[in-house]
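Chemist: Handing you a structure now.
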Amino acid sequence: MKVRIRGIYSTALTQLLLEHNFEIVDQSPIANERFKLENEEKGADILIYDKEDLNGITIHGEGSEQVVELLRKYFKEIFIRKMEIGTIYCGIIRKFDQRNKNILIDLGGSQGILPLHHYWGYLKEGEKVLVQTKGYHRDLYLLSTQLRIFGNNLILIKNGFTKVSKHIKDEEENRRLLSLSHEAKIRGYGVLWKALAQGKSDEELLKEMMELFKKEEQIKQFFQECNGPQLLEKGLLTYFIDFGPEAKAKLDELRKKVTPTICKHHELKSFNYMELVDLAESLAEKFGEDVVENCVNSILQKSFPPVGSLYTVVCKKLNGKSIVIKGKIEEITPDIIKLKRTIRYRGSYDGLNLKTELGDYAITKVRRGAEFLLHEYYNSKGELKGKYYSICTPIEISPRFARCIDLEVDVVEDQEGRRIIDVDKLEDKFKDGIISEEIYKKAKERAESIYMGEGDGI
361 MKVRIRGIYS TALTQLLLEH NFEIVDQSPI ANERFKLENE EKGADILIYD KEDLNGITIH
421 GEGSEQVVEL LRKYFKEIFI RKMEIGTIYC GIIRKFDQRN KNILIDLGGS QGILPLHHYW
481 GYLKEGEKVL VQTKGYHRDL YLLSTQLRIF GNNLILIKNG FTKVSKHIKD EEENRRLLSL
541 SHEAKIRGYG VLWKALAQGK SDEELLKEMM ELFKKEEQIK QFFQECNGPQ LLEKGLLTYF
601 IDFGPEAKAK LDELRKKVTP TICKHHELKS FNYMELVDLA ESLAEKFGED VVENCVNSIL
661 QKSFPPVGSL YTVVCKKLNG KSIVIKGKIE EITPDIIKLK RTIRYRGSYD GLNLKTELGD
721 YAITKVRRGA EFLLHEYYNS KGELKGKYYS ICTPIEISPR FARCIDLEVD VVEDQEGRRI
781 IDVDKLEDKF KDGIISEEIY KKAKERAESI YMGEGDGI
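For the working numbering, add 360 to where a residue sits in the sequence shown, where the first one is 1.
Spelled out as structure tokens, the structure:
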């Protein structure tokens, strides 16, 4: 199994995968130097790279499941979400939603939406339509009729553009892949060359392209024959993995086997302190790790914003979305931050039997390493209305923002007392394989201890 790795976790993951007999290909010059590997021109089966928020990695390619299972066994505190994009259906039009400007499509066991303005005037209710998933929003698939045919190394796009993956940096390789797109252009297709195409032979890539043309013809034939909603072709399976603080610490240990690594290397890099970490580690051998780490901590402590400044807390949800909480700093130390937010919406507080009122505000308390985020709600007179404890991974704090991963289960307190809510959501994420049994049990135990009034203060 050949794997290509890039990003801030690459050294640690390369070490782990080599220990478990994976073949690492197309290494960066730094990786070649660190691991003394022969950089042969081999195409990869699996690609691993940073997620956009830097809190984890994206994995895709044939055999990705083997890498995911290794990570699941090695790290206790990881969060695994898989998404299939590009699944093709024979859909049936059920409703034209004028209010939301969507067309509701029955996919058979699920539903999706097409944007109404693209198809207004020539589609009818009850008519079948060939559609492909391109995302997900509020329990509905986002659909398109512009088909993309997925292969291991390339994606054919009807009437689309031609492009080479941003992960392929070699200019000569870019030119080679673009020249191979000529046949697709003649047939009215664009080609998106995936990073996995790098190093593959012309013969192999052109053969796959021809196979994808045949696949598209088969899909269209299946569509002509189907009489109801039906799955026609599975899409591209991609894994999105988030690392909690404990997993990042284990990644630090792996990296330390190969090269000097300061404490919280991966946590700091996930907050985008790239230059600071690289500089510190370049000086570690000369001055000692303890001295360098003390200097880093001193720099970070002096970088925190003052009282009255805006500060952000990012709560990542297990479905991949993020809740961003912004407030003015009321109190701040390197380990504890209290934020004040004005409640502007009208309605009721989530999970609490309380209505919002004019003049209400919230105090959000954030403590480094705490396994909950505390929101206290007050009325205009400063009287406490209720509390909301969001159970989460140990909170990471930086001068730029704070971050945690929300574990769905919560504890609320109002005039009726304390109670635990949303345990069913936590259980669903465990059953779906997004969290481990250990995280599931730990989250329940944390909620129960807060419910009993143990360790709930900040």
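We put the CB at the ideal spot given by N, CA and C, even for glycine.
Alpha carbon to alpha carbon, how far is Ile696 from Asp818? Give it in angstroms, no decimals.
Modeler: The amino acid occupying residue 818 in the given sequence is Ile; Asp does not appear at that position. Roughly 8 Å between the two C-alpha positions.
Chemist: Exposed or buried, which one is Asn519 when buried takes at least 16 other CB atoms within 10 Å?
Modeler: By the 10 Å Cβ count, Asn519 comes out exposed.
Chemist: Among Gly777, Ile438, Leu414 and Lys433, which has the Cα closest to the Cα of Ile795?
Modeler: The candidate whose alpha carbon is nearest that of Ile795 is Ile438.
Chemist: Pairing CB atoms from the stretch 441–455 with CB atoms from the stretch 586–597, are three or more of them under 8 Å?
Modeler: In short, these stretches touch, since the Cβ pair count reaches three.
Chemist: Using only the alpha-carbon positions, how far apart do Ile517 and Lys545 sit?
Modeler: Their backbone Cα atoms lie some 10 Å apart in a straight line.
Chemist: Between Ile465, Leu397, Met634 and Ile723, which has its C-alpha nearest Gly588's C-alpha?
Modeler: The shortest C-alpha separation from Gly588 is found at Ile465.
Chemist: Return the CA-CA distance between Glu776 and Ala762, expressed in angstroms with no decimal places.
Modeler: Distance between the alpha carbons of Glu776 and Ala762: 31 Å.
Chemist: Between which two residues does the beta strand (DSSP E) containing Lys698 stretch?
Modeler: Ile696 to Thr702 is the extent of the beta strand (DSSP E) around Lys698.
Chemist: Taking the Cβ atom as the reference point for each residue, do Ile406 and Gly367 lie within a distance shorter than 9 Å?
Modeler: No, Cβ-Cβ distance for Ile406 and Gly367 is not below 9 Å.
Chemist: Return the residue from the list Gly680, Val667 and Glu649 that minimises the CA-CA distance to Gly687.
Modeler: The residue with the shortest Cα to Cα distance from Gly687 is Val667.
Chemist: Applying the criterion that 16 or more other CB atoms from any shown protein chain within 10 Å of the CB defines a buried residue, is Phe521 buried or exposed?
Modeler: By the 10 Å Cβ count, Phe521 comes out exposed.
Chemist: Report the option in Ile419, Lys402 and Lys791 whose CA atom is closest to the CA atom of Glu564.
Modeler: Comparing Cα-Cα distances from Glu564 to each of Ile419, Lys402 and Lys791, the minimum goes to Lys402.
Chemist: Entirely within the stretch 522–581 and at least 3 residues each: give me those beta strand (DSSP E) ranges in chain order.
Modeler: Taking only runs of at least 3 residues, the beta strand (DSSP E) segments lying wholly in the stretch 522–581 are 549–553.
Chemist: Between Ala609, Thr619 and Phe582, which has its C-alpha nearest Leu628's C-alpha?
Modeler: Among Ala609, Thr619 and Phe582, the Cα nearest to that of Leu628 belongs to Ala609.
Chemist: By DSSP, does Gln590 sit in helix, in strand, or in coil?
Modeler: Of the three classes helix, strand and coil, the one that applies to Gln590 here is strand, per DSSP.
Chemist: Mapping DSSP to helix, strand and coil, what is Ile473?
Modeler: Residue state, collapsed to three classes: strand.
Chemist: Please go through the stretch 591–665 and give each complete alpha helix (DSSP H) segment of 4 or more residues, from N-terminal end onward.
Modeler: If we require 4 residues or more, the alpha helix (DSSP H) runs fully inside the stretch 591–665 come out as 605–616, 625–630, 634–647 and 649–662.
Chemist: Helix, strand or coil: how does DSSP classify Arg508 here?
Modeler: It is a strand residue.
Chemist: Check whether the stretch 621–641 touches the stretch 741–761, counting contact only when three or more Cβ pairs, one atom from each stretch, lie closer than 8 Å.
Modeler: Cβ pair count under 8 Å is three or more, so yes.
Chemist: Is the separation between the beta-carbon of Glu412 and that of Phe456 shorter than 9 Å?
Modeler: Not a contact, by the Cβ cut-off of 9 Å.
Chemist: Could you check how far apart the C-beta atoms of Tyr409 and His527 are, in whole angstroms? I think they sit under 8 Å.
Modeler: At roughly 6 Å, the Cβ-Cβ gap stays under 8 Å, so Tyr409 and His527 are in contact.
Chemist: Which one or two residues does DSSP pair with Asp405 in a beta bridge?
Modeler: Beta-bridge pairing links Asp405 to no other residue.
Chemist: Going by C-alpha distance, which of Ser809, Ile689, Lys745 and Leu431 is nearest Gly711?
Modeler: Residue Lys745 is the option with its Cα nearest to Gly711.
Chemist: Starting from Gln426, trace the alpha helix (DSSP H) both ways and give me its first and last residue.
Modeler: Residues Ser424 to Tyr434.
Chemist: When you compare each of Asp602, His625 and Arg760 to Phe664 by their alpha carbons, which one comes out closest?
Modeler: Of Asp602, His625 and Arg760, the residue nearest in Cα terms is Arg760.
Chemist: Could you give the distance in angstroms between the alpha-carbon of Asp638 and the alpha-carbon of Leu611?
Modeler: Rounded to whole angstroms, Asp638 to Leu611 spans 16 Å at the Cα level.
Chemist: Quick one: grab the DSSP three-state call for Gln375.
Modeler: If DSSP states are grouped into helix, strand and coil, Gln375 belongs with the helices.
Chemist: Is there a Cβ from chain B that is less than 9 Å from the Cβ of Lys791?
Modeler: Within the model displayed, chain B is absent; a lone protein chain is all it includes.
Chemist: Can you name the residues that DSSP bridges to Gln775?
Modeler: DSSP output for Gln775 lists no bridge partner at all.
Chemist: Of all the options Ile765, Glu798 and Ile751, which has the alpha carbon lying nearest to the alpha carbon of Glu808?
Modeler: Closest option to Glu808, Cα to Cα, is Ile751.
Chemist: Starting from Glu814, follow the alpha helix (DSSP H) in both directions and report where the run begins and ends.
Modeler: Per DSSP, Glu814 belongs to no alpha helix (DSSP H) and is neither H nor E.
Chemist: Classify Ala762 as helix, strand or coil using the three-state DSSP reduction.
Modeler: Three-state DSSP puts Ala762 in a strand.
Chemist: For Gly742, count neighbouring C-beta atoms within 10 Å of its own C-beta (all shown protein chains included) and say buried if the count is 16 or more, exposed if not.
Modeler: Classification for Gly742: exposed.
Chemist: Phe647: buried (16+ other C-beta within 10 angstroms of its C-beta) or exposed?
Modeler: Classification for Phe647: exposed.
Chemist: Would you kindly work out how many angstroms separate the C-alpha atoms of Asp774 and Lys747, rounded to a whole number?
Modeler: Taking the straight line joining both Cα atoms gives about 7 Å.
Chemist: Report buried or exposed for Leu376, applying the criterion of at least 16 other Cβ atoms within 10 angstroms of its Cβ.
Modeler: By the neighbour-count rule (16 or more Cβ atoms within 10 Å), Leu376 is buried.
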